[in-house]
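A.B. asks: Line order of the protein sequences matches chains C and V. All residue numbers for the first sequence refer to the UniProt record's numbering, where the first residue is 1 and numbers rise by one. All residue numbers for the second sequence refer to the UniProt record's numbering, where the first residue is 1 and numbers rise by one. We put the CB at the ideal spot given by N, CA and C, even for glycine. Computed from a prediction, not measured in an experiment: that's the story for all the values here. Just dropping this structure here.
There are 2 protein chains.
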Amino acid sequence: MSDDPARARPATSRAGYHHGDLRAQLIEAVRDLVETHGPDGFSVAEAARRAGVSSAAPYKHFRDRPEILRAVVSEGMDRLRAAMERGAAAHPAGSLEGVAAIGLAYVDFAKAEPGVFRLVFGLTEGHENAPDLREKGEDCYGVVLSAAAACLGLPPDDPDVERRAYMLWSFVHGHSFLTIDMKHAAPEGGIDDGAYLMAVSRAILGPKTF
Amino acid sequence: MSDDPARARPATSRAGYHHGDLRAQLIEAVRDLVETHGPDGFSVAEAARRAGVSSAAPYKHFRDRPEILRAVVSEGMDRLRAAMERGAAAHPAGSLEGVAAIGLAYVDFAKAEPGVFRLVFGLTEGHENAPDLREKGEDCYGVVLSAAAACLGLPPDDPDVERRAYMLWSFVHGHSFLTIDMKHAAPEGGIDDGAYLMAVSRAILGPKTF
DNA sequence: GCCCGAAGTGAGATGCTCTTACATATGTAA
DNA sequence: TTACATATGTAAGAGCATCTCACTTCGGGC
Chain C
1 MSDDPARARP ATSRAGYHHG DLRAQLIEAV RDLVETHGPD GFSVAEAARR AGVSSAAPYK
61 HFRDRPEILR AVVSEGMDRL RAAMERGAAA HPAGSLEGVA AIGLAYVDFA KAEPGVFRLV
121 FGLTEGHENA PDLREKGEDC YGVVLSAAAA CLGLPPDDPD VERRAYMLWS FVHGHSFLTI
181 DMKHAAPEGG IDDGAYLMAV SRAILGPKTF
Chain V
1 MSDDPARARP ATSRAGYHHG DLRAQLIEAV RDLVETHGPD GFSVAEAARR AGVSSAAPYK
61 HFRDRPEILR AVVSEGMDRL RAAMERGAAA HPAGSLEGVA AIGLAYVDFA KAEPGVFRLV
121 FGLTEGHENA PDLREKGEDC YGVVLSAAAA CLGLPPDDPD VERRAYMLWS FVHGHSFLTI
181 DMKHAAPEGG IDDGAYLMAV SRAILGPKTF
């Protein structure tokens, strides 16, 4: 850290005294720590260490520890919504397959990033005043809602659509959590998520059994 | 802490130098802190302060911070299972009402103790080697499993019973989490948990729609 | 009555959060 | 080019938490 200022860059894109991309790299470091050591297994200091900066640097980009977490969650919700939309777009509008694909994207996200997934839904305590996160949550729900509406041929604000969309969400959400928690004695040989979600979608959006 | 040894007892059952019931009181203090300030809003030091002992005292009863959390979770799971069993016992064996009552107990627990509830299902990271917790989880699932089996008139290890019990659990679990997270745009005017769970139980344990 | 183990104390090593004062880089304008 | 404003970094440190260690105090069994 004396003669050659370009040498010390720790395998990152650090140009010199200024980092250039610290904010994004901190988020990525925290995301990785959360996946590796659980939702609380990260520290601002460790993230800074990984980015190759002093432990005070992160506070130039984030107010405090919770704000970094919120940024990680926000970025995670963006990816979750994008995945759900990709699932929906891969099938004809209004098809049961589209609804099931949204659910599958949800479950796959939970399995791929259990730490972030848990964080997304466990960050409520102390983060009530985060309107952007709440809005992103609504956006995710909106994907389900409009797919269900298209499937039933009803407007998204129809009470019956809302009821069934909530049931779908609730089902998929529970299955996702149980899958990553492994607290369930899963039916013999595990579960075929695709077939499972297709069956659930059919049952909930089909004839009025509820 | 000098002249009158009996004076300093901080509204607890402290007899003198020895506390008498520190372990239980620490668990209770942590439980309260978790409910008030979220799953991570507690510290061993604060719990010790509340119990009126030095910050080193807790380590005579628990190896480390995670072990206290595990004790809180363990105690919480005991109460959850007890509540589920009470729900089941309040209705005829094999009735749909019994199954719905188990689900209602589950949701009610989540609403009453969201912090502990979240902890119970979020403690997997780093606590894999806690066979007692896993076993208590199995016990809870067992309540659902045998109620479903009785309802269907089949043995609890029947694959169909397992599939439907898992569906029930998944549904109730998702609903519980969504309720305490309020991440859902709940159907107008909220949800009548009792009716909702009864409908779900009927749909899942009824004729083979899945 | 004595001794031993269980349960508590105070001090301290280490690490994390976040603040403050200061240093360095970058862009814009004179 | 120089000069300044702003953004982004550093070093040092206050304050709190976890956990350890050596020591003290209590209660029960012999």
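Taking 8 Å as the threshold (beta carbon to beta carbon), is arginine 50 (chain V) in contact with chain C?
C.D. replies: Within the second sequence, the letter at position 50 stands for residue 50 (chain V). No, its Cβ sits nowhere closer than 8 Å to a Cβ of chain C.
A.B. asks: Which residues in chain V have a C-beta closer than 7 Å to the C-beta of aspartate 181 (chain C)? List them in chain order.
C.D. replies: Reading the first sequence from its first residue, position 181 is the one you call residue 181 (chain C). Phe121 and Thr124, listed in chain order.
A.B. asks: Pull up the distance between the alpha-carbon of histidine 19 (chain C) and that of glycine 20 (chain V), whole angstroms please.
C.D. replies: Against the first sequence, residue 19 (chain C) aligns to sequence position 19. Against the second sequence, residue 20 (chain V) aligns to sequence position 20. Taking the straight line from one Cα to the other gives about 56 Å.
A.B. asks: Using the rule of at least 16 other Cβ atoms within 10 Å of the residue's Cβ for burial, across every protein chain shown, is alanine 203 (chain V) buried or exposed?
C.D. replies: For the purposes of this step, residue 203 (chain V) is taken as the residue at position 203 of the second sequence. Counting Cβ neighbours within 10 Å, alanine 203 (chain V) comes out buried, since at least 16 surround it.
A.B. asks: Three or more beta-carbon pairs under 8 Å between the stretch 43-55 of chain C and the stretch 84-100 of chain C, yes or no?
C.D. replies: No: fewer than three Cβ pairs fall under 8 Å.
A.B. asks: Leaving out the 5 sequence neighbours to the left and right, which residues in its chain are closer than 7 Å to arginine 65 (chain V) when beta-carbon positions are compared?
C.D. replies: Against the second sequence, residue 65 (chain V) aligns to sequence position 65. These residues qualify, in order along the chain: Val44.
A.B. asks: For the stretch 59-88 of chain C, which residues have a CB atom closer than 9 Å to at least one CB atom of chain V, in sequence order?
C.D. replies: Listed in sequence order: no entries.
A.B. asks: Among the residues of its own chain, which have a CB less than 6 Å from the CB of phenylalanine 42 (chain V), if the five just before and after it don't count?
C.D. replies: The sequence position of residue 42 (chain V) within the second sequence is 42, counting from 1. Result list for phenylalanine 42 (chain V): Val30, Leu33 and Val34, in chain order.
A.B. asks: Would valine 73 (chain V) pass as a contact of leucine 26 (chain V) if the rule is Cβ separation under 8 Å?
C.D. replies: Here residue 73 (chain V) refers to the residue found at position 73 when the second sequence is read from its first residue. Here residue 26 (chain V) refers to the residue found at position 26 when the second sequence is read from its first residue. No; because the gap between Cβ atoms is not below 8 Å, this pair is not in contact.
A.B. asks: At a Cβ cut of 9 Å, what residues of the stretch 162-177 of chain C count as close to chain V, listed as they run along the chain?
C.D. replies: Taking 9 Å as the Cβ-Cβ cut-off against chain V, the residues of the stretch 162-177 of chain C that qualify are Glu162, Arg163, Ala165, Tyr166, Met167, Trp169, Ser170, Phe171, Val172, His173, Gly174, His175, Ser176 and Phe177.
A.B. asks: In whole angstroms, what is the alpha-carbon distance linking residue 212 (chain C) and alanine 93 (chain C)?
C.D. replies: This structure does not reach residue 212 (chain C), given that chain C is present from 1 up to 210, and the question cannot be answered.
A.B. asks: Name the chain V residues that come within less than 7 Å of arginine 118 (chain C), Cβ to Cβ?
C.D. replies: The residue given as residue 118 (chain C) occupies position 118 in the first sequence. Under the 7 Å cutoff, chain V gives Gly122.
A.B. asks: If you measure from the beta carbon of aspartate 40 (chain V) to each beta carbon in chain C, is any gap under 8 Å?
C.D. replies: For the purposes of this step, residue 40 (chain V) is identified with residue 40 of the second sequence, where counting begins at 1. Chain C, which has a Cβ nearer than 8 Å to the Cβ of aspartate 40 (chain V), makes this yes.
A.B. asks: Report the residue from C:His61, C:Asp181, C:Leu22 and C:Arg70 whose alpha carbon sits nearest the alpha carbon of arginine 134 (chain C).
C.D. replies: Along the first sequence, one-based indexing puts residue 134 (chain C) at 134. Ranking the options by Cα distance to arginine 134 (chain C), first place goes to C:Arg70.
A.B. asks: Short of 7 Å in beta carbon distance, which residues of its chain neighbour valine 143 (chain V), apart from the five on each side in sequence? Order them along the chain.
C.D. replies: As a working mapping, residue 143 (chain V) is identified with position 143 in the second sequence. Excluding sequence neighbours, valine 143 (chain V) sits near Arg81, Met84, Glu85, Ala88 and Ile102.
A.B. asks: From which residue to which residue does the alpha helix (DSSP H) around aspartate 181 (chain C) run?
C.D. replies: Here the question's residue 181 (chain C) lines up with position 181 in the first sequence. Looking at the DSSP string, the run of the alpha helix (DSSP H) that includes aspartate 181 (chain C) is 159-181.
A.B. asks: So within the stretch 41-124 of chain V, which uninterrupted alpha helix (DSSP H) runs reach at least 4 residues, ignoring any that extend past its ends?
C.D. replies: Runs found: 44-51, 65-89, 96-112 and 114-122.
A.B. asks: Going straight from the alpha carbon of phenylalanine 121 (chain V) to that of proline 159 (chain C), what length do you get?
C.D. replies: Here the question's residue 121 (chain V) lines up with position 121 in the second sequence. Here the question's residue 159 (chain C) lines up with position 159 in the first sequence. Each residue's alpha carbon lies about 31 Å from the other.
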